[in-house]
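Residue numbers (mature numbering (1 follows the signal peptide of the UniProt record, and there is no 0)): -28 to -1, 1 to 178.
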């Protein structure tokens, strides 16, 4: 009996809450505290069907679909600030901030990122830019091949083997010897200039 009484009380509370919500909504509708948010999407610049486009208000709390001519509308929207978004495959629309006033159902729309830019009424929504969901493959060119690290290492090795001896071939032997003596501390670079393999340094035994 006690459990049954608790269930009745719970049902009574839920019923009162639902009834009060309906009363508030009805009173708001009769007092003119709701607004109509409408506009048009420029379908002439979109390469998609109207059925694949959705207009979301407050993150999807209210959803509308455009007609064939691009017109859409939200009815009985309570006064306050709302965010309007357009979801269209392949296109990006800037989110809008909608300020619905309780006075005569006035609506003020602006760019969400720039509230000072007020949009004229009725709203005409145009995509900001197309959206590509796949990365475009870059063509293979000589420049991309030359930037490969393996190619750069091979080119440097060939230059060290063939280019350096050819550059030092016309030098005076005494100058080459002086350069080799100055570069002994560079890990065998002087021996590389002379075409010889570098000799490892002897390590003294303790």
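The beta carbon of each residue, even a glycine, is placed where N, CA and C say it ideally should be.
Neighbourhood of residue i by C-beta distance below 6 Å, restricted to the same chain and skipping five residues each side
{"i": "residue 29", "result": "46, 54, 56"}
{"i": "residue 34", "result": "46"}
{"i": "residue 96", "result": "12"}
Exposed unless 16 or more other CB atoms sit within 10 angstroms - verdict on residue i
{"i": "residue 128", "result": "exposed"}
{"i": "residue 7", "result": "buried"}
{"i": "residue 112", "result": "exposed"}
{"i": "residue 58", "result": "buried"}
{"i": "residue 197", "result": "The structure shown has nothing for residue 197, since the chain only spans -28 to 178."}
{"i": "residue 153", "result": "exposed"}
{"i": "residue 145", "result": "exposed"}
{"i": "residue 138", "result": "exposed"}
Residues that residue i bridges to, as DSSP identifies them
{"i": "residue 20", "result": "Its beta-bridge partners do not exist; DSSP assigns none."}
{"i": "residue 11", "result": "44, 95"}
{"i": "residue 6", "result": "50"}
{"i": "residue 35", "result": "28"}
{"i": "residue 144", "result": "According to DSSP, which records beta bridges pairwise, residue 144 is partnered with nothing at all."}
{"i": "residue 101", "result": "64"}
{"i": "residue 56", "result": "29, 68"}
{"i": "residue 86", "result": "83"}
Beta-carbon contacts of residue i that lie in its chain and below 7 Å, excluding the five residues immediately before and after
{"i": "residue 100", "result": "64, 65, 66"}
{"i": "residue 103", "result": "62, 63, 64"}
Beta-carbon contacts of residue i that lie in its chain and below 8 Å, excluding the five residues immediately before and after
{"i": "residue 24", "result": "60, 61"}
{"i": "residue 51", "result": "5, 6, 7, 72, 73, 74"}
Beta-carbon separation (whole angstroms), residue i vs residue j, contact threshold 8 Å
{"i": "residue 42", "j": "residue 68", "result": "With a Cβ gap of about 16 Å, residue 42 and residue 68 do not count as contacting."}
{"i": "residue 74", "j": "residue 5", "result": "5 Å"}
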